[in-house]
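Beneath this line is the structure, given in structure tokens, with notes to follow.
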Amino acid sequence: MFCVDPHDIPQVAFIDADMMDGMPPALKAATGVDALTHAIEGYITRGAWALTDALHIKAIEIIAGALRGSVAGDKDAGEEMALGQYVAGMGFSNVGLGLVHGMAHPLGAFYNTPHGVANAILLPHVMRYNADFTGEKYRDIARVMGVKVEGMSLEEARNAAVEAVFALNRDVGIPPHLRDVGVRKEDIPALAQAALDDVCTGGNPREATLEDIVELYHTAW
Numbered sequence: 001m002f003c004v005d006p007h008d009i010p011q012v013a014f015i016d017a018d019m020m021d022g023m024p025p026a027l028k029a030a031t032g033v034d035a036l037t038h039a040i041e042g043y044i045t046r047g048a049w050a051l052t053d054a055l056h057i058k059a060i061e062i063i064a065g066a067l068r069g070s071v072a073g074d075k076d077a078g079e080e081m082a083l084g085q086y087v088a089g090m091g092f093s094n095v096g097l098g099l100v101h102g103m104a105h106p107l108g109a110f111y112n113t114p115h116g117v118a119n120a121i122l123l124p125h126v127m128r129y130n131a132d133f134t135g136e137k138y139r140d141i142a143r144v145m146g147v148k149v150e151g152m153s154l155e156e157a158r159n160a161a162v163e164a165v166f167a168l169n170r171d172v173g174i175p176p177h178l179r180d181v182g183v184r185k186e187d188i189p190a191l192a193q194a195a196l197d198d199v200c201t202g203g204n205p206r207e208a209t210l211e212d213i214v215e216l217y218h219t220a221w
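See below:
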């Protein structure tokens, strides 16, 4: 079920980094990579355009630069994360998301997997799957995540972007596999069908088949 209405949008939103400061490190990590997923998926989604691209690439830069420090308890980094997640939200709320969220939603429904953890585990795998359908955008992602991309081929830059996300996940303590959070291999066919039907999946830059999604779940498992 997906419910959305213009009346859901608040007239004013207060973003107070001090209120987030007491979050446990694992929650900061999971919600932080969720925000990164918003930015990366919004950057490569089918509906992306110049204005949202500017928001999303800046959000990726802010989040990639701040999340490790925020998880470690740095208050200035926490303020940067508050800004980064907001900028990402300004972008993706106008263009939608993609297959990472489409695959993460069933994990929450089946197992109560924390949404940020599900997104974080899936993100680099889906990025690799989408790579050939993203033009030069992964080069931009790798660059703002701190990779020296000068002289890299397009394939090398795309791989560097994926590896930068894997590295960030490791550094902030994200579980590496879906099996680590209780996902059962025998459930994958049902999970894949739910993901294929999810509202976010239609925004993915690469059109995914049921078989593709099954394989992605197995890869992340």
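No gaps in the numbering here: position 47 of the sequence shown is 47 in UniProt numbering, and each next residue is one more.
Glycine included, every Cβ here is placed at the ideal spot set by N, Cα and C.
Residue interval of the alpha helix (DSSP H) (run including residue i)
{"i": "Val95", "result": "Lys75 to Val95"}
{"i": "Asn119", "result": "His115 to Asn130"}
{"i": "Gly173", "result": "Looking at the DSSP string, Gly173 is not in any alpha helix (DSSP H), and its letter there is neither H nor E."}
{"i": "Ala48", "result": "Unbroken run through Ala48: none, as it is neither H nor E."}
{"i": "His7", "result": "Taken as a continuous stretch (DSSP letters only), His7 belongs to no alpha helix (DSSP H), as it is neither H nor E."}
{"i": "Lys137", "result": "Lys137 to Val144"}
{"i": "Met20", "result": "Ala17 to Met20"}
{"i": "Ala220", "result": "Leu210 to Ala220"}
{"i": "Asp197", "result": "Ile188 to Asp197"}
{"i": "Pro106", "result": "Leu99 to Tyr111"}
Nearest-angstrom Cα separation, counted from residue j out to residue i
{"i": "Gly22", "j": "Pro175", "result": "22 Å"}
{"i": "Gln85", "j": "Gly146", "result": "19 Å"}
{"i": "Val149", "j": "Arg143", "result": "6 Å"}
{"i": "Gln193", "j": "Asp76", "result": "42 Å"}
{"i": "Ala17", "j": "Ser70", "result": "11 Å"}
{"i": "residue 239", "j": "Lys28", "result": "No information on residue 239 is available, as it lies outside the stretch 1 to 221 that the chain covers here."}
{"i": "Leu196", "j": "Pro189", "result": "11 Å"}
{"i": "Asp187", "j": "His101", "result": "18 Å"}
{"i": "Asn109", "j": "Gly151", "result": "Going by the sequence as given, residue 109 is Ala instead of Asn. Spanning the two alpha carbons is a distance of roughly 44 Å."}
{"i": "Trp49", "j": "Phe133", "result": "15 Å"}
{"i": "Phe92", "j": "Tyr217", "result": "24 Å"}
{"i": "Lys137", "j": "Pro24", "result": "33 Å"}
{"i": "His7", "j": "Glu156", "result": "45 Å"}
{"i": "Tyr111", "j": "Glu163", "result": "27 Å"}
{"i": "Arg128", "j": "Val12", "result": "37 Å"}
{"i": "Val199", "j": "Val4", "result": "11 Å"}
{"i": "Leu168", "j": "Pro10", "result": "32 Å"}
{"i": "Val172", "j": "Gly47", "result": "30 Å"}
{"i": "Gly68", "j": "Gly42", "result": "It should be pointed out that residue 68 corresponds to Arg in this sequence rather than to Gly. Answer to the nearest angstrom: the Cα atoms are 22 Å apart."}
Beta-carbon contacts of residue i that lie in its chain and below 6 Å, excluding the five residues immediately before and after
{"i": "Ile63", "result": "Ala35, Leu36 and Gly84"}
{"i": "Ala161", "result": "Tyr138, Ile141 and Ala142"}
{"i": "Ile103", "result": "First, the amino acid is wrong: residue 103 is Met here, not Ile. Excluding residues within five positions, the ones whose Cβ falls inside 6 Å are Leu122 and Ala195."}
{"i": "Thr113", "result": "Leu107 and Val181"}
{"i": "Thr219", "result": "His125"}
{"i": "Arg158", "result": "Ala131 and Tyr138"}
{"i": "Ala39", "result": "His56, Ala59, Ile60 and Ala88"}
Contacting residues, own chain, Cβ-Cβ under 7 Å from residue i (five flanking each side not counted)
{"i": "Gly116", "result": "Ala30, Thr31, Val33 and Asp34"}
{"i": "Leu210", "result": "Ala192, Gln193 and Leu196"}
{"i": "Leu99", "result": "Val126, Thr201, Asn204 and Ala208"}
{"i": "Val87", "result": "Leu55, Lys58, Ala59 and Ile62"}
{"i": "Ala118", "result": "Ala104, Leu107 and Gly108"}
{"i": "Ile213", "result": "Met103, Ala192, Ala195 and Leu196"}
{"i": "Asp74", "result": "none"}
{"i": "Ile15", "result": "Ala82 and Tyr86"}
{"i": "Asn94", "result": "Thr52"}
Same chain, Cβ closer than 8 Å to residue i, five either side skipped, listed in chain order
{"i": "Asn130", "result": "Ile44, Gly98, Leu99, Asn204, Pro205 and Arg206"}
{"i": "Met20", "result": "Lys28, Gly78, Met81 and Ala82"}
{"i": "Ala72", "result": "Pro25"}
{"i": "Trp221", "result": "His177, Leu178, Arg179, Val183, Lys185 and Ile188"}
{"i": "Ser153", "result": "none"}
Fill in: Cβ contact (3+ pairs, closer than 8 Å) linking the region 26-42 and the region 179-188
no
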